[in-house]
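Residue numbers (the numbering used here), protein chains in the order written: chain A, 704 to 716; chain B, 38 to 294.
Taking it in order: structure first as structure tokens, then the write-up.
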Amino acid sequence: MAQPSIAAFFNTR
Amino acid sequence: MFEARLISATILKKILDAIKDLLNEGTFDCSDSGIQLQAMDNSHVSLVSLTLRSDGFDKFRCDRNISMGMNLGSMAKILKCANNDDTVTIKAQDNADTVTFMFESPNHEKVSDYEMKLMNLDQEHLGIPETDYSCVVRMPSMEFARICRDLAQFSESMLICCTKEGVKFSASGDVGSANVKLAQTSSVDKEEEAVSIEMQEPVTLTFACRYLNAFTKASPLSGQVQLSMSADVPLVVEYRIQDLGHIRYYLAPKIED
Chain A
704 MAQPSIAAFF
714 NTR
Chain B
38 MFEARLISAT
48 ILKKILDAIK
58 DLLNEGTFDC
68 SDSGIQLQAM
78 DNSHVSLVSL
88 TLRSDGFDKF
98 RCDRNISMGM
108 NLGSMAKILK
118 CANNDDTVTI
128 KAQDNADTVT
138 FMFESPNHEK
148 VSDYEMKLMN
158 LDQEHLGIPE
168 TDYSCVVRMP
178 SMEFARICRD
188 LAQFSESMLI
198 CCTKEGVKFS
208 ASGDVGSANV
218 KLAQTSSVDK
228 EEEAVSIEMQ
238 EPVTLTFACR
248 YLNAFTKASP
258 LSGQVQLSMS
268 ADVPLVVEYR
278 IQDLGHIRYY
288 LAPKIED
């Protein structure tokens with residue numbers, strides 16, 4: 704299974 | 038001028054223990070509402086979000102918003118120099134490149150101060166959207182730590198399956214498989230021992246044990262931990278810090294290759 708980066712879920716402010 | 042005082046150094050030591058395995062450094066953003074730190078771990082898999090409210094401090098003064106980038110290893114060295122019952126005061130001048138930690142013994146007969154260089158950290162802030170979660174589980178933090186430790190022996194990933202009957206933690210690997218089921222408690226002597234589940238929809242998600250175990254380093258901060266889950270969005274593991282704030286960890290579920 705793959706581990707997505709947390710950054711993919713939240714917008715950069 | 039920034040100045041924040043806590044009656045007991047223990048709480049700050051526990052907060053640092055809860056983040057220093059995941060983060061090498063972090064920026065403490067200080068404003069008159071309190072102190073916030075938000076940072077992704079070194080591999081950008083999880084996110085740590087710490088909020089300490091100004092009204093939770095014994096004394097809090099922040100004339101101008103300041104961001105203090107700190108090396109957490111250095112901060113840990115300094116906090117080791119404080120006794121648990123020492124009062125701790127964090128001080129910085131506006132636009133300063135250092136921060137001072139002052140420790141005072143309860144009888145005020147010993148006062149120490151440690152000055153630490155600040156770092157310029159170029160950290161991106163992530164906007165975390167408000168989410169209504171399908172399942173919210175509250176359980177004793179020590180129980181969650183125990184389950185994460187036990188199941189990590191079997192696999193690098195753990196399945197969390199939440200229904201209205203209860204929550205099940207599973208792991209399987211070469212050795213075999215492990216399942217731990219917790220039912221919602223009907224009555225408990227102490228509120229801290231309760232397991233409670235608020236469920237809109239059942240969820241089953243897979244998470245990396247390594248990160249869950251890192252999050253449980255916050256267990257000494259709170260008797261209870263809250264797990265908020267929805268399909269395809271990051272899990273939130275929250276520890277409330279009594280009268281002061283909270284620490285939240287975000288971890289995306291693993292996905293099929």
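C-beta: ideal position from N, C-alpha, C; glycine also.
Query: Let's test the definition: count the other Cβ atoms within 10 Å of the Cβ of Gly210(B) and tell me whether it reaches 16, buried, or not, exposed.; Result: exposed
Query: Using DSSP's beta-bridge definition, name the partner residues of Glu275(B).; Result: Gln263(B) and Arg285(B)
Query: Closest to Asp78(B) by C-alpha separation, out of Glu152(B), Tyr286(B) and Phe191(B), would be which residue?; Result: Tyr286(B)
Query: When you compare each of Arg186(B), Val212(B), Glu229(B) and His145(B) to Gln263(B) by their alpha carbons, which one comes out closest?; Result: Glu229(B)
Query: What are the residues of the stretch 141-167 of chain B that lie near chain A, defined by any Cβ-Cβ distance shorter than 7 Å?; Result: Glu161, His162, Leu163, Gly164 and Ile165
Query: What residues are listed by DSSP as bridge partners for Ala41(B)?; Result: Phe97(B) and Ile127(B)
Query: Could you give the first and the last residue of the continuous alpha helix (DSSP H) run that contains Asn250(B)?; Result: Cys246 to Phe252
Query: Please give the ranges of any beta strand (DSSP E) in the stretch 118-179 of chain B, keeping only runs that are unbroken, at least 3 residues long and fully inside the region.; Result: 124-129, 135-141, 148-154 and 172-177
Query: Note down, in chain order, each residue of its chain lying with its Cβ closer than 6 Å to the Cβ of Ala215(B), except the 5 sequence neighbours on either side.; Result: Leu188, Phe191 and Ala208
Query: Considering only the beta carbon of each residue, do Leu281(B) and Ile48(B) sit closer than 8 Å?; Result: yes
Query: Can the beta-carbon of Val232(B) be found less than 8 Å from the beta-carbon of Met176(B)?; Result: yes
Query: Is there at least one Cβ from chain A nearer than 8 Å to Met195(B)'s Cβ?; Result: no
Query: My output table needs one value for Phe206(B): the three-state DSSP class, helix, strand or coil.; Result: strand
Query: In chain A, which residues lie with their C-beta within 8 Å of the C-beta of Thr253(B)?; Result: Simply none; closest approach about 18 Å.
Query: So the alpha helix (DSSP H) Leu5(B) belongs to, where does it begin and stop?; Result: Outside the modelled stretch of chain B, which goes from 38 to 294, sits residue 5(B), for which no answer is possible.
Query: Using a Cβ-Cβ distance under 8 Å, would Ser83(B) count as near chain A?; Result: yes
Query: Output needed in chain order: residues of the stretch 275-287 of chain B with a Cβ under 7 Å from some Cβ in chain A.; Result: Tyr287
Query: Along chain A, in chain order, which residues have C-beta atoms closer than 9 Å to that of Ile292(B)?; Result: Met704, Ala705, Gln706 and Pro707
Query: Could you give the C-beta distance for Val204(B) and Ile234(B), rounded to a whole number, given that I count them as a contact under 8 Å?; Result: 6 Å
Query: So is Lys51(B) buried or exposed if we call it buried at 16+ other beta carbons inside 10 Å?; Result: buried
Query: For Cys199(B), I'd like the list of residues in its chain whose CB is within less than 7 Å of its CB, leaving aside the five on either flank, ordered along the chain.; Result: Cys172, Val174, Ile234, Met236, Pro239, Val240 and Met266
Query: From Ile165(B) to Thr88(B), what distance separates their C-alpha atoms?; Result: 14 Å
Query: For Met105(B), count neighbouring Cβ atoms within 10 angstroms of its own Cβ and tell me buried if that reaches 16, exposed if not.; Result: buried
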